[in-house]
Structures are given as C-alpha cells and as structure tokens.
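Data block below; observations after.
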Amino acid sequence: MVRADSVCSAHCLIKSSFVRNCEIQPAAQFQRLIVNVLFLRKISMEELRSAEVLDKEIRSDSVKKAEKILAKAEESVRQLLDGVEARVAKEREAAEKKSEERIALYAKNTDASLPLEKQRYLVSYIHSSVVEAMNSYFDKIGADGRLKVLRSLAERAKETVGGRDTDAVAVGLDEASAEKMLRAVFGKKLASCSSGNAVLLSGEAVEGFSRREGIILRTQDGTVVCRLTLDEKVHEILDEKSCELAKTLFGGRLPE
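Its first residue numbered 25, the sequence shown is counted upward by one per residue in the working numbering.
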C-alpha cells in the first residue's frame, strides 16, 4: 500500500509546480506583448520617419519644379517684352522716317511753288491795280466820255455790219443818247434802239471792273452780232497795253 504521507507529498509537489507554472506563464505572455508593442512602435516610428523624409523630398522636388517653371515663365515674359520693345522701336523708327520724308517733300514742293505763287500774286496784284485805275478813269470821264469810247467801237463795227438793217440794245446807258450816237454812225440802217438789262453783258465781264455798259448790235437777217461794251475795251487795253500801263502806274518800276 502506498503510504498516505507519500501521496500527500506528491500532491503538494504537483500543486506547487502547477502554481509556479500558473505564475510564470502570464509573465512571459506580458513580456512578449511588451516586445511586440515595442517592435510595432519601432516600426511605426520608422514608418513615420520615412513618411516625413518622403514628404520633405516631395516638397523639395515640388519647390524645385515650381522654381524651374517660374524661371521659364519669367524668361518667356522677358523675351516677349524684348520682342515688343524691339517691334515698337522699329515701328517708331519707320514712322519717324516716313514723317521726315513727308516733311522734306512738303518743304521741297513748297520751295518749288513759292516762286510760282509769288509770280501769280504779282500778276494778280498788277491786274487789280490796272483795273482799279481804269475804274477811276471811266468814272472820271463821265457818261459822255464813256459814250465816246463806245462810239469808237461802233465805227469799227460799221464795216462788219456792212450796210444791213440793224437793231440795237443799249445796256447801262441813256437810251436816247445811245440812239443818237448810233444814228450818227449807221444813219438810216439803224432800224431800232431799245434798253436791255446788265445781265446781257455779264458773260464778258472783266474781274474787278465795275461798269456793265455797252451796246449789242444785231442785223435783222441774223447773220451778224456785234457787242460794243466797255468790258471789251478794257480787255483790249489789258491785252495790248497792260505792261505799259503797269509801268506808268508804278512809276516805271514793277514790284518784285
């Protein structure tokens, strides 16, 4: 038979062993848990550090790329501005050159035209002066004197009329005085004498001459028309003696 104390000792031994096993086993598990936690923490810290490093690298790369893009953009803008300034300068130079050419051409044409304009002005001035002198002359001789001038024209026209019966129209004259003068020249060949409006003589008016006086002769067969007017006499004087009159008017020395 087994002894009771031996059984009791074995039982106690098993119990003590069991208790030790129960005490040791949770401590080992906790240690392993701590190790795992520390390992995982280490990994997380490494990953975090790796993420930070990666983030810094990404940021640095982005900054470099942005700087390159900005530098290219600034270069493009600079080239564009340089191109615009160059074109503006070129256009300004072309415009200034064209303006200078136009000014030079205008100056040349002006210089070339000045003598001609001066000559035209001189001719116009002499003409106006001579015509004004004639206005004064015909005013001074009065109606009888002007009628004598017209009579000289009528006597020259007598040969042209050639003995045909003729009608007369007196413009700006006393009708009776004009008819009396014409009968003295044409005699019975003067068929009639009437008065007419000054507009009949407007087509032959001398510029600046103030008197529209004269006689229009028309043969009754309609073959001959003669215009005996003071304007005609002034035209004749200007054509034949304008230079002589101008020299006389300006004391022998024409203006320059």
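Backbone N, C-alpha and C define an ideal beta-carbon position, used for all residues, glycine too.
The structure presented is a predicted model; accordingly, all values stated were derived computationally and were not measured.
Have a look at R126 and R116 and give me their C-alpha separation to the nearest angstrom.
Within the sequence shown, residue 126 is the residue found at index 102, counting from 1. Within the sequence shown, residue 116 is the residue found at index 92, counting from 1. Going by the C-alpha atoms only, they are around 15 Å apart.
Does the segment 177–191 come within contact of the segment 106–122, defined as at least 3 CB pairs closer than 8 Å?
no
Sort V155, G196 and H151 by Cα distance to D168 and report the nearest one.
Indexing the sequence shown from 1 puts residue 168 at position 144. The option with the nearest alpha carbon to D168 is G196.
Anyone know if the C-beta pair for S123 and G232 falls short of 7 Å?
Counting from 1 along the sequence shown, the entry for residue 123 is found at position 99. Counting from 1 along the sequence shown, the entry for residue 232 is found at position 208. Cβ distance not < 7 Å, so S123 and G232 don't count as in contact.
Please give me, in chain order, every unbroken run of the beta strand (DSSP E) with length at least 3 that falls completely inside the segment 170–242.
190–195 and 214–220
Just how far apart, CA to CA, sit R56 and K92?
Locating residue 56 in the sequence shown gives position 32, counting from the first residue. Locating residue 92 in the sequence shown gives position 68, counting from the first residue. Roughly 53 Å separates the two Cα atoms.
Check each candidate in V249, Q244 and D255 and name the one with the smallest Cα separation from L225.
In the sequence shown, counting from the first residue as 1, residue 225 sits at position 201. Out of V249, Q244 and D255, D255 has the C-alpha closest to the C-alpha of L225.
Residues that V249 bridges to, as DSSP identifies them
Your numbering for residue 249 matches position 225 in the sequence shown. Looking at the DSSP assignment, V249 forms a beta bridge with R242.
Among G187, K271, T247 and G220, which has the Cα closest to the Cα of T253?
As a working note, residue 253 is residue 229 in the sequence shown. Of the listed residues, the one whose Cα sits closest to T253 is G220.
In whole angstroms, what separates the C-alpha of Q244 from that of G187?
Translated into positions along the sequence shown, residue 244 becomes position 220. Translated into positions along the sequence shown, residue 187 becomes position 163. Spanning the two alpha carbons is a distance of roughly 11 Å.
Alpha carbon of S160 to alpha carbon of A229, nearest angstrom
Against the sequence shown, residue 160 aligns to sequence position 136. Against the sequence shown, residue 229 aligns to sequence position 205. Separation of S160 and A229 (C-alpha to C-alpha, rounded to the nearest whole angstrom) is 17 Å.
Could you say which of I239, C267, R235 and T184 lies nearest to E203 if we only look at CA atoms?
Counting from one through the sequence shown, the residue named residue 203 turns up at place 179. When each option's Cα is compared against that of E203, the closest is I239.
With distance defined between alpha-carbon atoms, name the residue in A110, K172, S234 and S86 nearest to L206.
In the sequence shown, residue 206 corresponds to position 182, counting from 1. Looking at the Cα atoms, K172 is the closest of the given residues.
What residues in its chain sit with their C-beta under 6 Å from that of S218, if we drop five residues either side in the sequence?
To locate residue 218, count along the sequence shown from 1; it is residue 194. Once the five neighbours on either side are set aside, the close Cβ partners of S218 are V193.
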